[in-house]
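Below you'll find the structure, written out as structure tokens, and then a few comments.
Number of protein chains: 2
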Amino acid sequence: MPTRRARLKDVADRAGVSPTTASFVLNGRTDAIPESTRQRVLDAAAGLNYRPHAAARSLATGRTRRIGIVLNQPESFSTRDTFFSEILAGIVERSTEHDRNVLLLSAHYPDWRSLYADITGGAADGVLQISRFLHDKLTPTLLAAGFPVVCVSFQLEDERCFSVDCDNSAGGYLAARHLLDLGHRRIAVLYPGEGMSWGAERLQGVRRALADAGQNGAGPLTREWEERTLPDPEWAHHTARWVRDSDPRPTALICCDEIRARMIAECLPSTGLRVPEDVSVVSFNSTEISERCNPPMTSVGQPLPQIGRAAVDLLLARIRGTETPERVVRFPMQLHIRASCSAPRAAAVARC
Amino acid sequence: MPTRRARLKDVADRAGVSPTTASFVLNGRTDAIPESTRQRVLDAAAGLNYRPHAAARSLATGRTRRIGIVLNQPESFSTRDTFFSEILAGIVERSTEHDRNVLLLSAHYPDWRSLYADITGGAADGVLQISRFLHDKLTPTLLAAGFPVVCVSFQLEDERCFSVDCDNSAGGYLAARHLLDLGHRRIAVLYPGEGMSWGAERLQGVRRALADAGQNGAGPLTREWEERTLPDPEWAHHTARWVRDSDPRPTALICCDEIRARMIAECLPSTGLRVPEDVSVVSFNSTEISERCNPPMTSVGQPLPQIGRAAVDLLLARIRGTETPERVVRFPMQLHIRASCSAPRAAAVARC
DNA sequence: GCGGATTACTGACCCGCTTTACTAAAGCGC
DNA sequence: GCGCTTTAGTAAAGCGGGTCAGTAATCCGC
Chain A
-3 MPTRRARLKD VADRAGVSPT TASFVLNGRT DAIPESTRQR VLDAAAGLNY RPHAAARSLA
57 TGRTRRIGIV LNQPESFSTR DTFFSEILAG IVERSTEHDR NVLLLSAHYP DWRSLYADIT
117 GGAADGVLQI SRFLHDKLTP TLLAAGFPVV CVSFQLEDER CFSVDCDNSA GGYLAARHLL
177 DLGHRRIAVL YPGEGMSWGA ERLQGVRRAL ADAGQNGAGP LTREWEERTL PDPEWAHHTA
237 RWVRDSDPRP TALICCDEIR ARMIAECLPS TGLRVPEDVS VVSFNSTEIS ERCNPPMTSV
297 GQPLPQIGRA AVDLLLARIR GTETPERVVR FPMQLHIRAS CSAPRAAAVA RC
Chain B
-3 MPTRRARLKD VADRAGVSPT TASFVLNGRT DAIPESTRQR VLDAAAGLNY RPHAAARSLA
57 TGRTRRIGIV LNQPESFSTR DTFFSEILAG IVERSTEHDR NVLLLSAHYP DWRSLYADIT
117 GGAADGVLQI SRFLHDKLTP TLLAAGFPVV CVSFQLEDER CFSVDCDNSA GGYLAARHLL
177 DLGHRRIAVL YPGEGMSWGA ERLQGVRRAL ADAGQNGAGP LTREWEERTL PDPEWAHHTA
237 RWVRDSDPRP TALICCDEIR ARMIAECLPS TGLRVPEDVS VVSFNSTEIS ERCNPPMTSV
297 GQPLPQIGRA AVDLLLARIR GTETPERVVR FPMQLHIRAS CSAPRAAAVA RC
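Respectively, the protein sequence lines represent chains A and B.
The first sequence runs -3 to 348 under our numbering.
The second sequence runs -3 to 348 under our numbering.
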């Protein structure tokens, strides 16, 4: 016969004080409470395994001790790599260390206005947005209302929007530098359309590497994909054919998205180009998929769990209203060298 | 200048009724409220983009409209496959359809008693437990207190514990049947120690297939791994060597865990056994990792998103106190044939 | 045109906790 | 032992919404 949950009043009764005093003790208020009383209350609370009722506390304080994660779309999950789960692992860990819970808020809400009302109406104290796709109205509205939002692994242009991101430009530089060192001179870059901050940044890093290497003539061959689209096999086939038919043909490919990189690598052989013999491929993010695929793919990785942890810290600072040193916290990217890159064949080099 | 959130009182004022009436309308109580009044209230609510304050409502009703997911350990996330995220995708989708939010409850809690107090004290109305590892005290205590718990993709022996699981026995049967059809006669099964319901069930399915094929003599060669341990390379090496040194040596391997299957397959070549030429390998779960690895692995898969959705439905039924037809909802497993299996070589067959 | 039922609606309290404003008692200088 | 301060503690008012018990107005039969 499970006993009723202990309430503050029960703790107070047991300690022989009023609820007010018990509340003061448990919330660490230093209002001249003698050690003996303090101890009695703490003992009573421990004895009853007391924890404040979340809803009651929220109602009184206006704080939920919850942080939300806004999922832009179902694909955040089903994107079949571990990008999301690795960030999430960091978020959950760090949140728990701060005695916060994590609430998942779905994109399947009937409309963004009710999601908005829920978020600002006691669902969470602040939200994290993890996405490669930008949200239309929700985030700007939250920002306009002064609600704490932190973007994870991407950025919005809005001045009020804080983010944790990695140094995409340096990442692009790393990728290009690696290919240049292997002897490649004709490099193609696949990246997303305008909306994605990281696409342009990575491309810019590649350009910088080429310039530093004295390759500032033509620059890399580039091809955008449409923002907001999910990768599909047709896109992969088209792009693989584009690689084959480019003249002069690139000997190496930098693809700013891991799944797309994988799809392209799988398509290239069917156009007569082997990886890495004819075309080297570098991807980004370096999760499971890059590591286990065949051939394992050289990839520029992000420290995903750390990014998740930092995002929680930044969001909590925003919620508390603490000044934060920067609007964007940056992490370095790291190059993981695997089998998808090799030196270009002599013929290809000569042709350039 | 963002306006204050609309409260029930604001809606009531706008509609020219009392908060009580507004509450009745919005909660669908049929207490003889004429259509005209009803409409006025609904219009007012829509006009103000009203949503009830979550905490206030919870406090009054004792319901949170949240379902919790208890993460047994950080590895639930970082296990580097998409097992967890695919289930989670189904859970989040279905929860949103039911106008419920999903709360992630971490294993990093200082101790299970405070997690328990949080859960029963307004964190969620019921919890889902997704895990291959059993939890020690938390779940039994929740069950004893009559708190709704549903286990996802595994089961507890407790009579009060409801679960959504797949038909592991049939899955084991499928795996073995496939190998038998290819001509294998000497099959080894790797499975977890006692605690994991699915391990024993899958093994039992294999046994049944062998018996049906008239192979009921020796039965499969079996080897347990320790419950609750995470796969590590050392385990893989030991096990690979065990396979090589078994006499007579098995020509096929059924491994009840996907990551372990992958690790073994990666180790086998170093012991001189090729996959699938010398040893065929079948894994379970069939997520990304089985699909993309080299060679792609034949695997018995679970319909993970559907399992997640069904788990939400079952949990909500439990929360409502609705009678449910069964304590365990079962889903069929499906065999995905890939390149890790082939017919055994004649020599190996002859030796048996 | 009176009693009883029905319709339409509301006042007031409760959920459990925080917090402000307040008080009773002790301490202290003189 | 009088006033002032400090110490130790409390009563009561919310936070926003749900809900029971109740009421005023209308309807109906006769």
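All C-beta atoms, glycine included, are put in the ideal place defined by N, C-alpha and C.
Cβ neighbour criterion (16 or more within 10 Å) applied to residue i
| i | result |
| --- | --- |
| I333 of chain B | exposed |
| Q151 of chain B | buried |
| P(-2) of chain A | Note that P(-2) of chain A has pLDDT 49, beneath the 50 cutoff, so the model's placement of it is unreliable and no number is given. |
| N281 of chain A | buried |
| E31 of chain A | exposed |
| G210 of chain B | exposed |
| A207 of chain B | exposed |
| H174 of chain A | buried |
| T116 of chain B | buried |
| G24 of chain B | exposed |
| R316 of chain B | exposed |
| D121 of chain B | buried |
| A85 of chain A | buried |
| R305 of chain A | buried |
Chain A contact for residue i (CB, 8 Å cutoff)
| i | result |
| --- | --- |
| R60 of chain B | It is Thr, not Arg, that sits at residue 60 of chain B in the sequence shown. Closer than 8 Å: yes. |
| L312 of chain B | no |
| N290 of chain B | yes |
| R0 of chain B | no |
| A196 of chain B | no |
Cutoff 6 Å; reference residue i; Cβ partners in own chain excluding five residues on either side
| i | result |
| --- | --- |
| N164 of chain B | W194, E197 and R198 |
| N97 of chain B | R62 |
| Y169 of chain B | G201, R204 and A205 |
| G189 of chain B | E220, E222 and E223 |
| R156 of chain B | L139 |
8 Å Cβ cutoff, residue i in contact with chain B
| i | result |
| --- | --- |
| D114 of chain A | yes |
Contact set between residue i and chain B, taken where Cβ atoms lie within less than 8 Å
| i | result |
| --- | --- |
| H49 of chain A | L55, G117 and G118 |
Proximal chain B residues relative to residue i, where beta-carbon distance stays under 7 Å
| i | result |
| --- | --- |
| R109 of chain A | N45 |
| A52 of chain A | L55 |
Contacts around residue i, its chain only, beta-carbon distance under 7 Å, and the 5 residues preceding and following it disregarded
| i | result |
| --- | --- |
| A307 of chain B | I87, L124, V146, V148 and V160 |
| D6 of chain B | L44 |
| R109 of chain B | none |
| A41 of chain B | V7 and L22 |
| G118 of chain A | S54 and T60 |
| Y46 of chain A | A2 and V7 |
| S19 of chain B | L4 |
| R326 of chain B | D161, C162 and D163 |
| L38 of chain B | V21 |
Chain-ordered chain B contacts of residue i [CB-CB under 9 Å]
| i | result |
| --- | --- |
| L67 of chain A | V88 |
Cβ neighbours of residue i in the same chain (closer than 8 Å, five flanking residues each side left out)
| i | result |
| --- | --- |
| A236 of chain B | I260, C263, L264, S266, T267 and L269 |
| H437 of chain A | With chain A covering only -3 through 348, there is no way to say anything about residue 437 of chain A. |
| V324 of chain A | Q151, F158, S159, V160 and D161 |
| D77 of chain A | E254, I255, N281, T283, E284 and I285 |
| S14 of chain A | A8 |
Any non-hydrogen atom of the ligand PLP closer than 7 Å to residue i Cβ
| i | result |
| --- | --- |
| V324 of chain A | This structure does not include the ligand PLP; it has no bound ligands of any sort. |
**Request:** Could you list the residues in the stretch 76 to 104 of chain A with a C-beta less than 8 Å from some C-beta on chain B, going in chain order?
**Result:** R76, D77, T78, F80, S81, E82, L84, A85, V88, E89, S91, T92, E93, N97, V98, L99, L100, L101, S102 and H104
**Item:** Residues from the stretch 253 to 269 of chain B in contact with chain A, defined by Cβ distance under 8 Å
**Value:** R258
**Asked** Taking any Cβ of chain A, which residues in the stretch 9 to 43 of chain B have a Cβ under 8 Å from it, in chain order?
**Response** none
**Item:** Residues, ordered as in the chain, of the stretch 267 to 288 of chain A that lie near chain B by beta-carbon distance below 7 Å
**Value:** E284, I285 and R288
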